[in-house]
Each structure stands twice: as structure tokens, then as C-alpha cells.
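I have placed the structure first, in the form of C-alpha cells, so that the comments after it can refer back to it.
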């Protein structure tokens with residue numbers, strides 16, 4: 001029998017067809033300085049900017065980042081690419097409220113200090129040790145290195161706004177938890 | 001020429017091979033009550049629980065939810081499925097710190113009240129009007145209905161913890177922004 005869902009109180013194993021085609025498309029984080037965050041997510045994390053959308057009357061811009069699958073490349077045509085962007089999975093939306101980068105004291109809330117809610121985003125990497133070396137080479141700040149704390153083989157780094165990014169190598173995760 | 005990335009200050013169009021294979025795997029949100037949130041994300045949003053991981057010594061459990069692609073089903077074997085889970089894109093991790101559901105006054109921070117940081121997650125749907133009707137049928141709370149506010153054809157609902165979920169129909173998004 002094909003796997004459908006693990007079963008726990010509350011879980012509906014066979015959802016109604018009303019949710020057919022629903023896709024978890026993106027997660028939105030606010031960023032202080034696009035120049036700094038775009039460098040981090042493109043150069044260090046390897047993401048592409050699929051689309052930037054400007055809303056001048058509300059003074060903000062949205063940047064949609066992902067690493068497209070080889071078999072589903074981003075369309076060249078801008079309108080097509082916008083629509084395509086919203087069909088993808090694993091997109092990171094970074095919101096820039098104009099001017100935040102010019103305020104030296106401005107800082108976003110990372111969700112792990114109080115009050116808590118959002119916790120982190122996570123990237124899977126093919127080789128954890130190589131990824132750690134790459135982050136060190138780029139002076140990325142670690143919340144937790146793989147050898148620290150109770151969860152071995154899991155690292156947490158910080159993005160430029162201080163948001164936590166979990167780093168895992170899937171092959172090392174088979175025996176985590178109970 | 002194939003699309004690589006839109007170009008803005010900070011964007012690296014041709015990242016180093018050091019980030020090859022990096023995959024934006026999941027977003028973690030804390031939830032107060034698994035029974036309520038698992039019902040919402042499975043029954044209403046159509047997601048499956050790929051894995052639950054328990055950490056009794058730290059008194060928390062992690063639930064990893066997604067809707068697997070038809071051509072890449074979740075493995076039946078638990079250890080294989082754990083590793084597979086961390087390779088996916090578009091996974092939602094819900095963290096349950098044991099006991100929060102028994103504290104009537106306990107509430108997580110949604111990131112849109114002050115202090116701000118995380119903003120929302122987003123689901124693409126095949127038909128926005130049908131999705132809105134489905135949410136109404138299930139008494140889902142709207143932050144903004146499609147016809148309200150400046151961004152037409154975009155809805156925001158709340159999950160059981162009050163986190164915002166944007167709802168978009170990709171075909172309606174071709175002309176959004178500038």
C-alpha cells in the first residue's frame with residue numbers, strides 16, 4: 001500500500017479533493033538591506049532571483065528566490081516567469097521596506113528571541129562538512145556547529161538579518177529523533 | 001540564452017559550485033496544539049505528515065508536512081523516509097513544545113504584530129474562488145479576502161496559531177507589481 005500520511009490525532013489521511021493542487025509555494029521574511037541579503041542568498045546559498053516586484057505606492061519591493069529544478073527552468077518572458085514563480089515549491093520571498101537599510105539601529109525580529117513563533121528555514125546540502133567549510137570561508141555566523149549541542153550532524157547558521165538557517169545532510173538524518 | 005537570475009545590486013548570477021545541490025527544504029513554525037494544526041494542514045490544506053520526530057529528553061516533537069510530487073512518493077521505510085523528507089522542497093515543519101496546548105493563555109507570535117520579522121507562508125491554488133469557498137465552508141479566518149485591499153486576487157488566511165497564509169492563483173499573478 002502506498003504511503004499517504006503518518007497518523008496522529010488531528011491528521012486527515014484522505015483530504016477532500018477541494019485541496020487538490022494546493023502547493024506550499026513560499027515563505028516570506030523581511031530583510032533590512034537587499035544588497036547584503038541578495039549577496040548572501042545568491043552567492044553563498046546558490047539561489048536565483050526569479051522575480052522582483054516593486055510596489056512604489058506602498059514603498060516596498062519583493063524578491064522571490066529559488067534554485068529552479070533542471071527539468072523546469074524559469075521562463076525568459078517576465079509575465080510567464082511571474083506566474084511560474086508562484087507555481088514553484090521552496091521559494092523564499094524577501095520583503096524590502098524601502099529605507100530600512102539606511103537606519104543603523106533598524107533590526108528585524110528573528111522569532112527565536114521572545115516573543116517566539118517562526119523558528120528557522122532549512123537547507124539540505126549534499127555534504128555537511130564541505131558546506132561548513134564553505135560557510136567558514138565566507139565568515140558566516142554559526143548559531144550551532146554540527147559538533148555542538150544535543151543534535152549532532154545538524155548546524156544552524158544566521159542569515160544577514162539574524163534569521164536562523166538549519167543545515168542538514170539528508171543521508172545523516174536517518175536516525176534522528178525517535 | 002537561458003535565464004539564470006534577475007540582476008540587482010548584491011546578486012551573484014553565477015554562484016560558486018560550493019552551493020551545488022543546496023536545497024531550500026523547510027520552514028519551521030511553532031504550533032500550540034498539534035491536534036488543531038494537523039487537522040488544519042492535512043484536512044483543509046491537503047498536506048501529509050511525512051515524519052514525526054520525538055525528542056522526549058527536550059520535551060518537544062517535530063512534524064514534517066508536505067504534499068509529495070506524484071513522481072517522487074514518500075518511501076514506506078521509516079529511516080528512508082526521514083532522509084527523503086530532508087531532500088524535499090516545500091516542507092513545513094511544525095514544532096510542538098509539549099504542554100503548550102494545555103495553557104489557555106499561551107499564544108505564539110505571528111511576526112506581523114510588532115516586533116516584525118517573518119511575514120507569512122504562501123500556498124498556490126488552482127482556482128482562487130474555489131479555494132475561498134472551501135475556506136469559508138471550513139470557517140477559516142481571513143486576514144484579507146481577494147477583493148479587499150490594494151492587491152486584488154490575493155487572499156490571506158490565518159492558520160490556527162494566527163500565522164498568515166497567502167493564497168494565490170498563479171494564472172492571476174502575471175501583472176502584479178511593476
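Chains as they are written, first to last, in full-length UniProt numbering: chain A, 1 to 178; chain B, 1 to 178.
Every residue gets a Cβ at the ideal spot worked out from N, C-alpha and C, and that includes glycine.
Could you say which of B:5, B:154, B:158, B:147 lies nearest to residue 73 of chain A if we only look at CA atoms? B:5
Rounded to whole angstroms, what is the Cα-Cα separation between residue 49 of chain B and residue 104 of chain A? 43 Å
If you pair each beta-carbon of the stretch 160-175 of chain A with each one of the stretch 125-139 of chain A, do three or more pairs fall below 8 Å? yes
Extract the residue ranges of the beta strand (DSSP E) inside the UniProt domain "VOC" (23-170) of chain A, only unbroken runs of 3 or more that lie entirely within it. 23-30, 48-55, 60-66, 91-97, 118-124, 142-144, 154-158, 164-168
Against chain A, with Cβ distances strictly below 8 Å, would residue 157 of chain B count as a contact? no
Listing by chain order, which chain A residues have their CB less than 8 Å from the CB of residue 196 of chain B? Any property of residue 196 of chain B remains undetermined from this structure, which presents chain B solely from 1 to 178.
On the three-state DSSP scale, how would you describe residue 18 of chain A? helix
Going by alpha carbons, who is nearest to residue 102 of chain B out of B:114, B:175, B:13, B:35? B:35
Does the separation of the CB atoms of residue 141 of chain A and residue 121 of chain A fall below 8 Å? no
Evaluate residue 77 of chain B with the Cβ neighbour count: other Cβ atoms within 10 Å of its Cβ, from every protein chain shown; 16 or more gives buried, anything less gives exposed. exposed
Count the other CB atoms within 10 Å of the CB of residue 106 of chain B; is the residue buried (16 or more) or exposed (fewer)? exposed
Give me the Cα-Cα distance between residue 29 of chain A and residue 44 of chain B, rounded to the nearest whole angstrom. 24 Å
My understanding is that residue 59 of chain B touches residue 98 of chain B, with C-beta atoms under 8 Å, so please give their C-beta distance in whole angstroms. 4 Å
Could you tell me which chain B residues have their CB closer than 9 Å to the CB of residue 146 of chain A, listed as they occur along the chain? Ordered by position in chain B, no residue passes the 9 Å Cβ test against residue 146 of chain A, which lies about 14 Å from the chain.
Neighbour flag for residue 125 of chain A against chain B, beta carbons, 8 Å: yes
Quick check: is the beta carbon of residue 53 of chain A nearer than 8 Å to any beta carbon in chain B? yes
Use the C-beta contact count for residue 117 of chain A: other C-beta atoms within 10 angstroms, 16 or more gives buried, fewer gives exposed. buried
Contacts of residue 134 of chain A in chain B (Cβ-Cβ under 7 Å): 18
Hey, residue 95 of chain B and residue 65 of chain B are a contact pair by Cβ (cut 8 Å); roughly how many whole angstroms apart? At roughly 12 Å, the Cβ-Cβ gap does not stay under 8 Å, so residue 95 of chain B and residue 65 of chain B are not in contact.
Which residues in chain B sit within 9 Å of residue 66 of chain A, going by Cβ to Cβ distance? 24, 89
Between residue 29 of chain A and chain B, is the shortest Cβ-Cβ distance under 8 Å, so that the two count as touching? yes
Cβ closer than 7 Å: which chain B residues qualify as neighbours of residue 36 of chain A? 10
Contact defined as beta carbons within less than 8 Å: I believe residue 69 of chain A pairs with residue 25 of chain A. What is the distance between those atoms, to the nearest angstrom? Actually they are not in contact, since the Cβ atoms of residue 69 of chain A and residue 25 of chain A sit about 14 Å apart, beyond 8 Å.
Sequence-distant residues of its chain with Cβ nearer than 8 Å to residue 81 of chain B (five each side left out): 50, 51, 74, 75
Assign residue 56 of chain B to one of two classes, buried (16 or more other C-beta atoms within 10 Å of its C-beta) or exposed (fewer than that). exposed
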